[in-house]
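K.L.:
Just dropping this structure here.
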Amino acid sequence: MIYFVGAGCGAPDLITVRGMRLLQQADVIIFAGSLVNPEVLEYASDGCEIYNSAKMTLDEVISVMKQAESEKKMTVRLHTGDPCIFGAIREQMDILHTLGFQYEICPGVSSFCGAAASLKAEYTLPSVSQTVILTRMEGRTPVPQREQIKALAVHHATMVIFLSAGMTETLSSELIAGGYSQDTPAAIVYKASWPDEKICRCTVGTLAETAKKNHIQKTALITVGDFLGDDYTLSLLYDPSFETEFREAKA
């Protein structure tokens, strides 16, 4: 069996209990070495074979899995955060399906969740934003035209932007072109939940200078939106005049 496991956003104790147990049981672990905190590997057993996929091609990763399957060994493919977000797992799963190999997915704590926790923020605030857009800037990997930052910015929703810390000047311009004002609150969260985590609060207009000042070019999420401000409406759920199936409204 092959398990795709989300390692969490950084801190080794932010992996799920299920993910931890799978690591303890694994005969083979293939981990995303450029992003996964190596401390997570301390859950692995002493005899476990460990491979760093940062130095491997897709074919090489699959080759390790095929060898493990032929020897009836259990494999954990360890991805950063949650593997469903920018995890490049579909291409692996399709090959495994073609080969007739069984696989399962164990979700993890995504860095966008870790960033919100570090910011002590709520992405969805009544009267502010009820939508969260998870996206990235176009780099060497293209982005569909309809999903360009400028196009998404017109919604004025909460935006969490991955893989773009090295392109903050262009990102700022795209956000403004899409309709965000220069003084819209923003924050750069570097390595959320890691020991060297850094939180830099700024605005859309000062993203580039903030990143430069703090020497941040990678391994950071950029969050944008008025959820970072102080104005919002209280939730109706706990309003005494709001009736639910569990509570009668009070005059």
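Those letters in the sequence shown? Residues 2 to 252, per my numbering, in order.
No residue lacks a Cβ here, since even glycine has one placed at the ideal position from N, Cα and C.
Owing to the predicted nature of the structure, the values given are computational and were not obtained by experimental measurement.
#1: Touch check for the region 43-60 and the region 3-11: three-plus C-beta pairs under 8 Å?
#2: Determine the closest residue to residue 132 out of 161, 13, 139, 206, with distance taken between C-alpha atoms.
#3: How many angstroms separate the CA atom of residue 78 from the CA atom of residue 163?
#4: Please confirm whether residue 30 and residue 51 have their CB atoms less than 8 Å apart.
#5: CB residue 204 to CB residue 185, shorter than 8 Å?
#6: In this structure, how does DSSP classify residue 239 when only helix, strand and coil are distinguished?
#7: If the criterion is Cβ atoms closer than 8 Å, does the pair residue 134 and residue 116 meet it?
#8: Return the Cβ separation of residue 209 and residue 169 in integer angstroms, given the expectation that the two are a contact with Cβ distance under 8 Å.
#9: Expressed to the nearest angstrom, what Euclidean distance is found between the alpha-carbon atoms of residue 198 and residue 80?
#10: Any chance you could list the beta strand (DSSP E) runs of at least 3 consecutive residues sitting entirely within the region 125-156, in chain order?
#11: Check each candidate in 239, 27, 125, 149 and name the one with the smallest Cα separation from residue 48.
#12: Which residue comes first and which comes last in the beta strand (DSSP E) that contains residue 190?
P.N.:
Answer, in terms of the structure:
#1: No: the two stretches stay apart, fewer than three of their Cβ pairs being nearer than 8 Å.
#2: The alpha carbon of residue 132 has as its nearest neighbour, out of 161, 13, 139, 206, the alpha carbon of 161.
#3: Straight through space, the alpha carbons of residue 163 and residue 78 are spaced by roughly 21 Å.
#4: Yes, the pair counts as a contact, with Cβ atoms nearer than the cut-off.
#5: In this structure, residue 185 lies closer than 8 Å to residue 204 by Cβ.
#6: It is helical.
#7: No. Outside cutoff.
#8: By a beta-carbon distance limit of 8 Å, residue 209 contacts residue 169. Their separation comes to about 4 Å.
#9: Spanning the two alpha carbons is a distance of roughly 20 Å.
#10: For the region 125-156, whole beta strand (DSSP E) runs of length 3 or above, ordered along the chain, are 133-137.
#11: Nearest option by C-alpha distance: 27.
#12: Start and end: 186-191.
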